[in-house]
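Chains as they are written, first to last, in full-length UniProt numbering: chain A, 1 to 192; chain B, 1 to 192. Worksheet: the structure to be examined is printed underneath.
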DNA sequence: GTCTATAGCACGATAGAC
DNA sequence: GTCTATCGTGCTATAGAC
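If you want it as structure tokens, here you go:
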């Protein structure tokens, strides 16, 4: 792996683990096995490197989500697959966690990938919910964009509950609760 | 206000704004208008001061939640009042945001208040949901603890969505979506 | 109780040799 | 491209005068 590659990967790991404020250039260099001068040769500085890392993580997250949301099954089944997909729950969401970082939020360039990714996810889910509503899988009174926001928020908040308690139980409970609510008024769903 | 008081309040503000990793003793001293020696006279160090600040914020959050959850109205109405209560959405949750702080999660003493507070909140809501279910306000198939986890997660995740987008819209959408799901199978609720 | 002084180290970045 | 050296600043904390 090339040095810029290793620097980006090291930054991705550290941003996930410790956030932007908690990640130092020195730590990145050590994790990447690269020297000081090497890092500053390939990147303008910490914000520049973080931007590359965040963009890659955002792309990866979109691809992972699309893999499930664009997969087989009815809209409800795909939403369920998204909610139940395997996650490193106690590590949290590598994109969502950055929203709590003051220096990321203060920098529009760093914030943009977060906004775009979560916005894309909500719109993707909203379309799926609308489709499911037309099929009678979801109650007609539901609003696709609102339910999509609830779904994404439940996942993001699930990470918070899990990390606070040091256990994945609360995340799983939140997901099960949401699925039970979504299954209401959906006779087909209560069969299985 | 006494010096220890001012130091705790300054720490609460900074922890909310910048998290534990992003908050320095120097910044605390400046915000509190206290000197270096003064801070170390009253507190053992940054973790000790943070613990006092976090405990106070946790207590305050419990009291605020109890004010709504223990208020007037049916269980559904009290859950709705909790979800719709005024919040400083773009600032995020002063307790929830700390779960993304690696140094807080690594320190059991600092993590404990977060765990206890969110756990209390979930149990309080779970009891309310169970009560509402017995009254026919919520579907019989729902599980109190699961729905409680979904409610708290929706709020915590709503903050994430709001901060990513720089707007409160997504938080509000998530709350409306959850309320519409909770109102399903509750004929009384669809009247109004 | 509060102050200033100082410690030892890490921060984020630049300079310039190789 | 990568290295070491260095910069000026800020970190967390201690010491000791007042």
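Glycine is no exception: its CB is placed at the ideal position from the N, C-alpha and C atoms. Keep in mind that this is a model prediction, so the values were computed, not measured.
Give the interface partners of residue i over in chain A, defined as CB-CB distance under 7 Å, in chain order.
i, result
"residue 119 of chain B", "165"
"residue 173 of chain B", "145, 146, 149"
"residue 139 of chain B", "184"
"residue 105 of chain B", "163"
In its own chain, which residues sit with a C-beta less than 8 Å from the C-beta of residue i, not counting the 5 before and 5 after it?
i, result
"residue 5 of chain A", "none"
"residue 94 of chain B", "12, 15, 16, 57, 61"
"residue 65 of chain B", "82, 121, 124"
"residue 142 of chain B", "129, 133"
Taking only three categories from DSSP, how would you classify residue i?
i, result
"residue 6 of chain A", "helix"
"residue 24 of chain B", "coil"
"residue 94 of chain A", "coil"
"residue 172 of chain A", "helix"
"residue 1 of chain A", "coil"
"residue 84 of chain B", "helix"
"residue 53 of chain B", "helix"
"residue 184 of chain A", "coil"
"residue 32 of chain B", "helix"
"residue 72 of chain A", "coil"
"residue 45 of chain A", "coil"
"residue 65 of chain B", "helix"
"residue 58 of chain B", "helix"
"residue 192 of chain B", "In this prediction, residue 192 of chain B scores a pLDDT of 45, lower than 50, which makes its location untrustworthy; no coordinate-derived value is stated."
What does a CB cutoff of less than 6 Å around residue i pick up in its chain, not counting 5 residues either side in sequence?
i, result
"residue 144 of chain B", "126, 129, 130"
"residue 182 of chain B", "none"
"residue 159 of chain B", "92, 93"
"residue 192 of chain B", "Any reading at residue 192 of chain B needs caution, since the residue's pLDDT is 45, under 50, leaving its predicted position unreliable; the model's value is listed next. Taken in chain order, the list of residues that qualify is empty."
"residue 55 of chain A", "113"
"residue 174 of chain A", "154, 158"
"residue 151 of chain A", "125"
"residue 42 of chain B", "4"
"residue 52 of chain B", "8"
The alpha helix (DSSP H) that contains residue i, what's its start and end?
i, result
"residue 134 of chain A", "108 to 134"
"residue 102 of chain A", "102 to 105"
"residue 146 of chain B", "144 to 165"
"residue 38 of chain B", "36 to 42"
Near residue i, which residues of its chain fall below 7 Å by C-beta distance, leaving aside the five closest residues on each side in sequence?
i, result
"residue 35 of chain B", "29"
"residue 38 of chain B", "3"
"residue 78 of chain A", "68, 69, 71, 128"
"residue 117 of chain B", "58, 61, 62, 95"
"residue 10 of chain B", "28, 31, 32"
"residue 25 of chain B", "39, 46"
"residue 179 of chain B", "80, 83"
"residue 156 of chain B", "93, 96"
With distances taken Cα to Cα, identify the nearest neighbour of residue i among the options.
i, options, result
"residue 135 of chain B", "B:170, B:106, B:116, B:75", "B:75"
"residue 22 of chain B", "B:118, B:159, B:101", "B:101"
"residue 99 of chain B", "A:1, A:47, A:19", "A:19"
"residue 110 of chain B", "A:168, A:169, A:164, A:172", "A:164"
"residue 146 of chain B", "A:161, A:108, A:53, A:141", "A:161"
"residue 169 of chain A", "A:88, A:150, A:103", "A:88"
"residue 133 of chain B", "B:184, B:52, B:42, B:24", "B:184"
"residue 167 of chain B", "A:115, A:90, A:86, A:107", "A:115"
What residues of chain A sit near residue i, judged by a beta carbon separation below 8 Å?
i, result
"residue 182 of chain B", "181"
"residue 115 of chain B", "164, 165, 166"
"residue 34 of chain B", "Those within 8 Å of residue 34 of chain B in chain A number zero; the least Cβ separation is about 22 Å."
Note down, in chain order, every chain B residue with its Cβ under 9 Å from the Cβ of residue i.
i, result
"residue 155 of chain A", "153, 157"
"residue 142 of chain A", "177, 180, 181, 184"
"residue 197 of chain A", "Within the shown structure, residues of chain A are numbered from 1 to 192, placing residue 197 of chain A beyond reach of any answer."
List the residues of chain A whose Cβ lies closer than 9 Å to the Cβ of residue i, in chain order.
i, result
"residue 96 of chain B", "100, 157, 160, 161, 164"
"residue 17 of chain B", "102"
"residue 58 of chain B", "In chain order: nothing, as chain A lies at least about 11 Å away."
Anything in chain B within Cβ reach of residue i, meaning under 8 Å, just list it in chain order.
i, result
"residue 21 of chain A", "18, 19, 21, 22"
"residue 10 of chain A", "Simply none; closest approach about 16 Å."
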